[in-house]
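Using this note's numbering, the first residue of the sequence shown is number 1195, and each one after it goes up by one.
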Amino acid sequence: MPRIIAIANQKGGVGKTTTAINLSSALAHFNRTVLLVDMDPQGNAGRGLGIDITLLKSTVFECLTQACSPKDCIVTTAVKGLDVLPANLRLASLEASLYKTPVEEPFALLGKALGSECDHYDYIVLDCPPSLGLLSINALACADSVLIPVQCEYFAMEALAAILSSISNVQNDLNPKLKIEGFLLTMYDARTQLGTEIASEVRRLFKENTFLVSIPRNQSVSESQAKQMPVTSFRPSSQGSIAYFGLAREVIDHEEK
Ligand SMILES: Nc1ncnc2c1ncn2[C@@H]1O[C@H](COP(=O)(O)OP(=O)(O)OP(=O)(O)O)[C@@H](O)[C@H]1O
Ligand SMILES: [Mg+2]
């Protein structure tokens, strides 16, 4: 059975999609088979892997509304072992479509859509949007664990209270098996006082749950996105790649423990 990891934080721009793309591709480099599912109508997970999402007729939206099945939508990528289930702006109309045609379990749509068809993957990584609405809750409701990127910036700590409260609601109401995979420090710059302060605050509060590796702010990471490829393929020996390979190792180690 695949291990399903949701990458979530309702705060925007903290490195969720960057982490989803590069963790997925780093896991694939370690010979794991991975499906990256884009749960964000912005569609950046697919775009970041070189997919022209605007023209796609079959996306996550059609899977969630049962208009098609994942096998009709999954796209293979240039990274061996990594497939993606892309999204585009149509996903933003999911709530409206459920309003028109209500379903019994609106938070179980993703779990049902992935169903047994995706069982052959080692990992399924879910890139969540910057909100704690229907799409993120669908991801948390079917995940085994949630990885929370924390940008070493102002207001990072305030955002954590909201995501922790949503996680605990989902654990109580929808998915008791949901665990915290870990907090991941992103865009870390050890030269700034704010960066080191936030990093040590997160490590103090969430000791065992904070990944040992932190992701540095690294130009190769942002350049790789302009090239629409993971940094682990674009510049495998950059500081950004080394950090994401380290993150994948820790994720694999968690499972082996
Ligand atoms: N380690 C890094 N080094 C340099 N730039 C980074 C790094 N991580 C992310 N970025 C940049 O920061 C911006 C936000 O990153 P990203 O899109 O991954 O965040 P997000 O949390 O998915 O955003 P959203 O909430 O809009 O979905 C992007 O422009 C990305 O290129
Ligand atoms: Mg994103």
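Cβ atoms here follow ideal geometry from the backbone N, Cα and C, with glycine treated the same way.
Report task. Tell me, to the nearest whole angstrom, how far the beta carbon of Pro-1410 is from that of Ala-1437; I am working on the premise that it is less than 8 Å. Result -> 6 Å
Query - Close beta carbons around Gly-1376, own chain, < 7 Å, minus the five adjacent residues each side - result: Leu-1341, Asn-1403, Thr-1404 and Phe-1405
Requested in this report: Can you check the segment 1220-1257 for any alpha helix (DSSP H) of at least 4 residues that lies completely inside it and give the ranges in chain order?
Outcome: 1238-1241
Requested in this report: Spatial neighbours of Thr-1380 within its chain, please: CB distance less than 8 Å, with the 5 preceding and 5 following residues excluded, ordered by chain position.
Outcome: Val-1208, Gly-1209, Thr-1212, Thr-1213, Pro-1343, Val-1344, Gln-1345, Cys-1346, Ser-1408 and Ile-1409
Requested in this report: Please report how far the alpha carbon of Pro-1235 lies from the alpha carbon of Ala-1302, in whole angstroms.
Outcome: 18 Å
Query raised in the report: Under 7 Å, do Ala-1200 and Ala-1307 count as touching if we go by C-beta distance?
Result: no
Query raised in the report: So, helix, strand or coil for Thr-1404, using DSSP?
Result: strand
Query - Same chain, Cβ closer than 7 Å to Asp-1313, five either side skipped, listed in chain order - result: Met-1195 and Pro-1196
Query raised in the report: How would you call Pro-1370, buried or exposed, if buried means at least 16 neighbouring beta carbons within 10 angstroms?
Result: exposed
Query raised in the report: For the candidate residues Leu-1230, Asn-1238, Thr-1390 and Phe-1255, whose alpha-carbon lies nearest to that of Val-1269?
Result: Leu-1230
Report task. Could you name the residues that DSSP lists as bridge partners for Ile-1201? Result -> Asp-1321 and Leu-1341
Query raised in the report: Is Lys-1373 near ligand 1, with its Cβ less than 6 Å from a heavy atom?
Result: no
Query raised in the report: Can you name, in chain order, every residue of its own chain whose Cβ lies under 7 Å from the Cβ of Val-1364, other than the five neighbours on each side?
Result: Ile-1331, Leu-1334, Ala-1335 and Leu-1372
Query raised in the report: When you compare each of Glu-1444, Ser-1414, Val-1297 and Gly-1244 to Ala-1272 by their alpha carbons, which one comes out closest?
Result: Gly-1244
Query raised in the report: For Phe-1377, does the three-state DSSP call read helix, strand or coil?
Result: strand
Query raised in the report: Does the separation of the CB atoms of Cys-1267 and Ser-1287 fall below 7 Å?
Result: no
Report task. Go through its chain and collect everything with a Cβ distance to Gln-1204's Cβ below 8 Å, but skip five positions before and after it. Result -> Pro-1324, Ser-1325, Leu-1326, Ser-1330, Ala-1353, Ala-1356, Ile-1357 and Ser-1360
**Report entry** Per DSSP, the bridge partner or partners of Thr-1270
**Finding:** Asp-1277
Requested in this report: State yes or no: is the C-beta of Ile-1247 within less than 7 Å of the C-beta of Pro-1280?
Outcome: yes
Report task. Closer than 6 Å by C-beta to Glu-1289: which residues in its own chain qualify, once you throw out the five before and the five after it? Chain order, please. Result -> Leu-1328
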